[in-house]
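One structure is given below, encoded as structure tokens.
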Ligand SMILES: [Zn+2]
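Residue numbers (this note's numbering): 33 to 466.
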């Protein structure tokens, strides 16, 4: 007897919609086919779309930024994730300079993440390294991770990793099969003068600073090789230039991630009454750049949200220096992106990330995989509304979307059923473990 059968749904299998049934035993999908297998629990998914559980490779829950901490912790952030159909989140360790600090930061963050209702994993995060980089990479592997994030900027807070270390990390990424992820902005081009407020974000952190730094790093990746991943590509110019000049390595050695906010909004919102609520780094770009990013969206391999929510009152801050940059959005990422791009967005939010992050049990609906299943109801003329996280606003309120997830299942257990939260414990995902 199976534990759960999902019948009559339109199921996303190998890139196509198939009206069929699935059965689950324990944590795994054990059957997909025409028969409605006996099970203790049967869910009728007539009229609904049955998707692989989504994976968000880029979130920041309870991120301590000194003066403020992002307001969604691993519990509330993961609840918002579940309502958005996201069954696995990847957050980041605090930035560290050497292997010893890395190990400590891993145990600290993983302890916080235990509150998560969906499955979770961490990227290592390096800042201006002062120890043996090979030891650092080996420790990342030992702790069950395979990604190391770095910043090419934030030298003002000593988080920048410089080019000679990036080159060494790329070499090590080949040797140890890890992936180097980078927040890409040209540090020297960023202007944080004291008179600037949030409205100056587009001039403080210009689009050109992303494009020029990305092209420089693409050149480095092309020469050195290795595995490289650009987080939150914000600018259509950047993507177009990468495509034109580095198509041979684009989404092979040099993978591009982007986020829904850069497709949905342009920087004119900063001038509106609630402009301060649309603040993050890299910032929103011009309408022309938004359209360009949209035109090149097929060259984005993965969609992450960079979910990093702050309460409204935290955004009441007079200076750009010290301003809490970040917004929430995990609950609305699929609905808003699916409305705009349709089926091609599904693998960018599931399978592609599972492959890159080395989660062999995730990312697809097939027999033997984890039963991570998100069941979506398309609703005509739907506008984003509900928010299940902590934050007292969402930039997506009132934005056109595709609908809502009705049921969300993580490793065979409901975390959302009929739009209601069901108590559930997420589990840490270790890279490469089947
Ligand atoms: Zn981020």
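Glycine is no exception: its CB is placed at the ideal position from the N, C-alpha and C atoms.
Cβ-heavy atom distance, residue i to ligand 1, below 6 Å
i, result
"residue 338", "yes"
Extent of the continuous beta strand (DSSP E) to which residue i belongs
i, result
"residue 40", "34-45"
"residue 413", "405-415"
"residue 60", "60-65"
"residue 384", "Careful: residue 384 lies outside any beta strand (DSSP E), inside the alpha helix (DSSP H) at 383-389."
"residue 51", "48-57"
"residue 346", "Unbroken run through residue 346: none, as it is neither H nor E."
"residue 156", "151-157"
"residue 21", "One cannot answer for residue 21 here, as it falls past the ends of the chain, which runs 33 to 466."
"residue 367", "Residue 367 -> not in any beta strand (DSSP E); alpha helix (DSSP H) instead, spanning 365-373."
"residue 180", "179-183"
"residue 396", "Unbroken run through residue 396: none, as it is neither H nor E."
"residue 287", "286-290"
Where residue i sits in the DSSP three-state scheme
i, result
"residue 166", "helix"
"residue 353", "coil"
"residue 112", "helix"
"residue 80", "coil"
"residue 95", "coil"
"residue 214", "strand"
"residue 139", "helix"
"residue 134", "helix"
"residue 466", "coil"
"residue 224", "coil"
"residue 219", "helix"
"residue 436", "strand"
"residue 262", "strand"
"residue 256", "helix"
"residue 321", "helix"
"residue 192", "strand"
"residue 431", "coil"
"residue 331", "helix"
"residue 125", "coil"
"residue 316", "coil"
"residue 229", "coil"
"residue 281", "coil"
"residue 250", "helix"
"residue 304", "coil"
"residue 175", "coil"
"residue 337", "coil"
"residue 441", "strand"
"residue 342", "coil"
"residue 297", "coil"
"residue 311", "coil"
Run of the alpha helix (DSSP H) containing residue i, from where it starts to where it stops
i, result
"residue 449", "Premise fails: residue 449 lies in the beta strand (DSSP E), 445-449, not in any alpha helix (DSSP H)."
"residue 236", "233-236"
"residue 275", "268-278"
"residue 379", "376-380"
Neighbourhood of residue i by C-beta, 7 Å cutoff - its chain only, sequence neighbours within 5 removed
i, result
"residue 406", "83, 85, 86, 117, 119, 437 and 440"
"residue 102", "92, 93, 94, 95, 340, 341, 342 and 358"
"residue 373", "329"
"residue 205", "211, 212, 258 and 259"
"residue 236", "222, 223, 224, 228 and 352"
Same chain, Cβ closer than 8 Å to residue i, five either side skipped, listed in chain order
i, result
"residue 105", "93, 94, 144, 147 and 422"
"residue 188", "224"
"residue 100", "342, 346 and 356"
Cβ neighbours of residue i in the same chain (closer than 6 Å, five flanking residues each side left out)
i, result
"residue 283", "333"
"residue 430", "415"
"residue 79", "none"
"residue 161", "129 and 197"
"residue 75", "38"
Cβ contact check for the stretch 155-172 and the stretch 191-203: 3 or more pairs under 8 Å: yes
The stretch 168-177 contacting the stretch 125-137, beta-carbon criterion three pairs below 8 Å: yes
The stretch 44-64 / the stretch 397-411 touching (three or more Cβ pairs under 8 Å): yes
contact_flag[the stretch 454-466, the stretch 385-394] where n(CB pairs < 8 Å) is 3 or more: yes
Segment contact, 8 Å Cβ cut-off, at least three pairs: the stretch 375-388 with the stretch 57-71: no
Three-pair Cβ contact test at 8 Å for the stretch 241-251 versus the stretch 201-218: yes
The stretch 343-350 / the stretch 317-325 touching (three or more Cβ pairs under 8 Å): no
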